[in-house]
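The structure appears right after this line, and notes come after that.
In my numbering, the protein residues as written are 1 to 831.
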């Protein structure tokens, strides 16, 4: 079938995809369970396996000699013939003069039983592989050390630069008190690596003091730890890894002077190194649904194989030789870019395709995807819960199943090249969106357009970038010239991302709860069903009606919820904690005047919160310190701020934030302990820092807010602690400002997102009625900790990860002790 010919979609063979998908789902659910529960599941799968085998055997014997000649009689034959019925979009037209060939009931029963048999067997195989390797993945000797400080030795699996917040290591040794307690091979996710010297390269030996953290059994990383000492680098990589490091280093030198977004994106497009991508560009790529172009993805493998095959064909190289060269190039590329889930999946699938081609066997897209997924899950069952792996597989499945029929539908009203260009990103987006919704509760309105504009440039940047990598060690001049060529398409990708992200309505808010995900899954399935169902059938029209209903009803509900959003917000709020993810943004209002303490780093989230609570102008902005999760979204309020209280800027980026606010007309006021002022009927005072040159978490600007003597309505007290750590909190209590101002309060903004780094005496001397914690859902830091929650155990806790925005309202005049008469807490998610 050619695009636009009006024919039916080609049949899609799902016989292997169904068992692989079900087995994958079993792993997703069962991996976090205990060994005992997994054994119960395995026993249940064994029972299903035996029952399905018995049904297949009995039905197979009963089907012999029944029905038209050629009807299936054995399980294998039925499984093969079931392809016609198991192929999505298969034609149901006549196959003989007497009408359609009807499979006898025994044959159909055999096919179903065989499907169940294969599914149960595959699920049992994968879960059994995971259970058998549980002790290797979580050695009992290491599990017993969770919560303790140990020394680990291993190698870096990705570059670790000074200032990195996380690192991934291959661990080979664990020591306690200088004594080895475990030797083996495992992976570790390290929080807060302290790199004081030069960058640690891939494969380089490292040694570091850490405290082991508990992890769930289903996590992609078997171990997690928090750094408790400097990361000491040892011997550098040898052999193939040393060669790869040399190529990467030569590439970085060649592109070091490349300016702008092109220079930031090119290392990622060629080698997967995203360390140079600034936060604002990363956010623009996410908004425009171009995140997959930030770094190397599975499409790079397809580009390389296609290039080798095309060039080899033009040079009349035998097919077997071309296939062999393609395999070598793929494996070399895998070593060069360091494999993630997407690259692993794409490489395995490409190798399977190449083997099929070498054997002159026909290649079908979906079975190849299913075979690659099965092989990877058998090698590493914990990939099942890796979001990147899931997105990669779904995108590929969407392309091989939907791209061609969707292009045929679009070609009815659009020119064929445009139809093809739209169909590819639309198919991938359709397949991935339900999973993407779990990461970001919104839909990319212009995502398909952005991909159509940016995708053609990505392969050019990738291939040119790889040429830079290969030529840089021996021909730096040529490499620099090629780098300039590669910079152009990389810059185009960045320009598309920023432009599309700035368009009105770039993302449509959507619920990421079970109902929202279910609606999106149903809508995606209906789109696929409509596309794959031949035109002219009544079923297609019914599916179209169902699709419209599935989209119109929730869309109308979403619009209604948006319109009614502000109506549900209390209009007499005095303190609001905005849900900006893993960051802080707290609003304070008194007598019509508004203060904002920090802004978080999610511009869309902050803008939404300000809109909901009717804040157009900020009279007083307080920056506790200059970490990105506290100042990253400053662009939302730039130009609408009166006065800004700041500590000492420590980096050029901090100065740039202050200069931007000053350019927008704000008055900048550096403050230390003792500074005072008034906001409406609230008096504020700065309790910390005492050192005017200090910066960082322990230099957070801590403010206390108390009602003035004339306050009559909306009078509530607040203690905002920024990210102050335990040692600084202890010192604060001994300062004159701390001794004077620290006391019982109505609201406390808990320090550092509820980390364990708290001083209990501070919270004992400042008991609060409401405790606010700004924290991101499923953050990798374990915030808020049980210890922090215990410190505010007498307060009602408002957490942004559970409650969303939270607002405090006040009823009545303040009491004699200055506390609010009656506080009420409104939560966006709980009402």
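Virtual Cβ for every residue (Gly too), placed ideally from N, Cα, C.
Values in this document were obtained by computation on a predicted structure and should not be read as measured data.
By the criterion of a C-beta distance shorter than 6 Å, residue 515 is surrounded by no residue of its chain, once the five residues flanking it on both sides are discounted.
A check of alpha carbon separations from residue 409 across 423, 398 and 206 identifies 423 as the nearest.
No beta strand (DSSP E) of 3 residues or more sits fully in the region 398-440. With fewer than 16 other Cβ atoms from the protein chains shown falling within 10 Å of its own Cβ, residue 260 counts as exposed.
For residue 775, DSSP records no beta bridge to any residue. Between residue 330 and residue 305, the C-beta gap is smaller than 9 Å, which places the two residues in contact. Assignment of residue 683 by DSSP, reduced to helix, strand and coil, places it in the strand class.
Residue 210 and residue 233 do not touch by the CB rule: their CB atoms are close to 15 Å apart, not below 8 Å. Look at the beta carbons and you see the region 672-688 touching the region 726-740: at least three pairs across the two are nearer than 8 Å. Taking 8 Å as the upper bound for CB-CB distance, residue 663 and residue 644 are not in contact here, some 12 Å apart. Taken through DSSP and simplified to helix, strand or coil, residue 392 comes out as helix. Contact between residue 150 and residue 171 fails: their C-beta atoms lie close to 10 Å from each other, not under 8 Å. Rounded to the nearest whole angstrom, the C-alpha separation of residue 142 and residue 288 is 43 Å. Between residue 789 and residue 747, the gap from beta carbon to beta carbon reaches 9 Å or more. Between the alpha carbons of residue 485 and residue 467 lies a gap of roughly 11 Å. In the DSSP annotation of this structure, residue 613 is not part of any alpha helix (DSSP H), being labelled neither H nor E.
Secondary structure at residue 577: strand, using DSSP grouped into helix, strand and coil. Residues of the same chain with a CB within less than 7 Å of the CB of residue 582, apart from the 5 flanking positions on each side, are 629, 753, 775, 776 and 779 in chain order. Between residue 624 and residue 660, the C-beta spacing is not below 9 Å. For the options 568, 592 and 636, the alpha carbon positioned closest to that of residue 598 is the one of 636. Apart from sequence neighbours up to five positions away, the residues of its chain that approach residue 271 with a beta-carbon distance below 8 Å are 248, 251, 296, 336, 337, 465 and 469, ordered along the chain. If you draw a straight line from the Cα of residue 605 to the Cα of residue 757, it comes to about 27 Å. Taking the Cα of residue 32 as reference, the smallest distance to any Cα among 806, 384 and 654 is reached at 384. By the criterion of a C-beta distance shorter than 8 Å, residue 180 is surrounded in its chain by 173 and 174, once the five residues flanking it on both sides are discounted. Residue pairing of residue 171 in beta bridges, as defined by DSSP: 154 and 186. Listed in chain order, the non-local C-beta contacts of residue 300 below 6 Å within the same chain comprise 462, local neighbours out to five positions each way being set aside. Looking at the DSSP output, residue 809 bridges to 573 and 824.
Taken in chain order, the unbroken stretches of beta strand (DSSP E) that lie wholly in the region 110-167 and span 3 residues or more are 149-156.
One alpha carbon belongs to residue 523, the other to residue 483, and they sit about 43 Å apart. Note that the C-beta distance between residue 256 and residue 472 is not below 9 Å. Counting only runs of 4+ residues, the alpha helix (DSSP H) found wholly inside the region 280-335 occupies 298-314, in chain order. Each residue's CA atom was taken as its position, placing residue 823 and residue 505 some 37 Å apart. Residue 682 is positioned such that its CB atom lies closer than 9 Å to that of residue 588. For residue 524, the three-state secondary structure derived from DSSP is helix. In the DSSP assignment, residue 509 falls within the unbroken beta strand (DSSP E) covering 507-509. In the same chain as residue 457, and ignoring 5 residues on each side of it, the C-beta atoms closer than 7 Å to its own belong to 489, 492 and 493, in chain order.
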